[in-house]
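Trainee:
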Amino acid sequence: GAVVSQHPSRVICKSGTSVKIECRSLDFQATTMFWYRQFPKQSLMLMATSNEGSKATYEQGVEKDKFLINHASLTLSTLTVTSAHPEDSSFYICSASRSSNEQFFGPGTRLTVL
Amino acid sequence: QKEVEQNSGPLSVPEGAIASLNCTYSDRGSQSFFWYRQYSGKSPELIMFIYSNGDKEDGRFTAQLNKASQYVSLLIRDSQPSDSATYLCAVPKGVNRDDKIIFGKGTRLHILP
C-alpha cells in the first residue's frame, strides 16, 4: 500500500474562523489528491480533486471560495475551510494514488465548529 | 440509476459463517473494482481489488466479478466480530491515478458473536 497522513486529526474551532487541514503522501509522490467529506452515518462525498501545480477541480455544489485547496508540492495538499460554520462540522478525508487508480486514504480530520 | 449501488444493510451474519456483500454498477466500460472497509469513526481501508471476470481470493476474502451482469461481490469466510464494519464498493472512472472513484453508499455488516 501507500501511506497518507493528515494533520490535525481533530480540530475544534469557533464559528467564523478558518481551519487548514494538511494531507501528505509519506512514501510516494502524488500529482493528484482527493478531498472527501463524510457526515455521520452517511456516505463519502467527493469534494474536489487536487492537482499539483494547478487549480483544483471541484464537484458540483461545492463552493470553491469556501473550501480552498492548494497542492503546492508533490507530497502535500491543503484544504482550508474558510469562515467555518457549525454545518461544516464533518469528517474530512483525503486520498491519493501511488501508481494506478487505487486510492489510499489518510486517517481523516474530524472538524467541529462551535 | 445510481452509478454504484449497494444494499445499505445492516447485514447480520453469525460468527464463523460466510458474509456476502453485493454491488452493481452502471458503467459497462468500467475495468477495475475495489472494496474498502470502513470502521466507525475511521477512514476507508482498501482490502480487495479485481480487474478480471471470475474470482480473486486473498485470505478470508474473495472478490467476484461478472462484467456481463455488471455485478461485483465480496465474500468473507469464517466471519469474525472484527469484520463488523461498513464495506464500500468503489468503481474508478478510469485507469489513471488521477481518475476519481465512484463509491457506493456502503453496506453495514454486523457479525454476531
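Just so you know, the sequences run in chain order V and P. At position 30 of the first sequence the residue is numbered 30 (our numbering), and the sequence of numbers has no breaks. At position 20 of the second sequence the residue is numbered 20 (our numbering), and the sequence of numbers has no breaks. For every residue, glycine included, the Cβ atom is placed at its ideal position computed from N, Cα and C.
(1) Going along the chain, which residues of its own chain have a beta-carbon closer than 6 Å to the beta-carbon of Cys23 (chain P), five neighbours each way excluded?
(2) Residues of the stretch 82-113 of chain V with a CB closer than 7 Å to any CB of chain P: list them in chain order, please.
(3) Kindly indicate which residue of V:Asn101, V:Gly61, V:Thr31 and V:Phe105 has the alpha-carbon position closest to the one of Glu52 (chain V).
(4) Under three-state DSSP, which class holds Ser115 (chain V)?
(5) Is Pro92 (chain P) buried or exposed, if buried means 16 or more other CB atoms sit within 10 Å of its CB?
(6) Identify, in the order they occur along the chain, each residue of the same chain with its Cβ nearer than 6 Å to the Cβ of Phe34 (chain V), setting aside the five sequence neighbours on each side.
(7) Would the beta-carbon of Tyr92 (chain V) fall within 8 Å of that of Thr80 (chain V)?
(8) Which residues, taken in chain order from the stretch 20-42 of chain V, show a beta carbon closer than 7 Å to some beta carbon of chain P?
(9) Report the start-end ranges of each beta strand (DSSP E) in the stretch 81-105 of chain P that is 3 residues or longer and not cut off at the edges.
(10) By the criterion of Cβ-Cβ separation under 8 Å, what are the contact partners of Leu79 (chain V) in chain P?
(11) Cβ closer than 7 Å: which chain V residues qualify as neighbours of Pro92 (chain P)?
(12) Let me see if you follow: with CB-CB separation under 8 Å, is Arg97 (chain P) close to chain V or not?
(13) Confirm, please, whether the CB-CB distance from Asn96 (chain P) to Asn101 (chain V) is below 8 Å.
(14) Anything in chain V within Cβ reach of Gly106 (chain P), meaning under 9 Å, just list it in chain order.
Mentor: Concretely, from the data shown:
(1) Gln6, Val72, Cys89 and Gly104
(2) Here the close residues are Ile93, Ser97, Ser99, Ser100, Asn101, Glu102, Gln103, Phe104, Phe105, Gly106, Pro107 and Gly108.
(3) V:Thr31
(4) No information on residue 115 (chain V) is available, as it lies outside the stretch 1 to 114 that chain V covers here.
(5) buried
(6) Thr49 and Ser95
(7) Thr80 (chain V) is positioned such that its CB atom lies no closer than 8 Å to that of Tyr92 (chain V).
(8) Along the stretch 20-42 of chain V, going in chain order, the ones with a CB nearer than 7 Å to a CB of chain P are Thr31, Thr32 and Phe34.
(9) 85-92 and 101-103
(10) Within chain P, no residue comes near Leu79 (chain V); the closest Cβ sits about 14 Å away, beyond 8 Å.
(11) Asn101
(12) yes
(13) yes
(14) Those are Ser43 and Leu44, listed as they occur along chain V.
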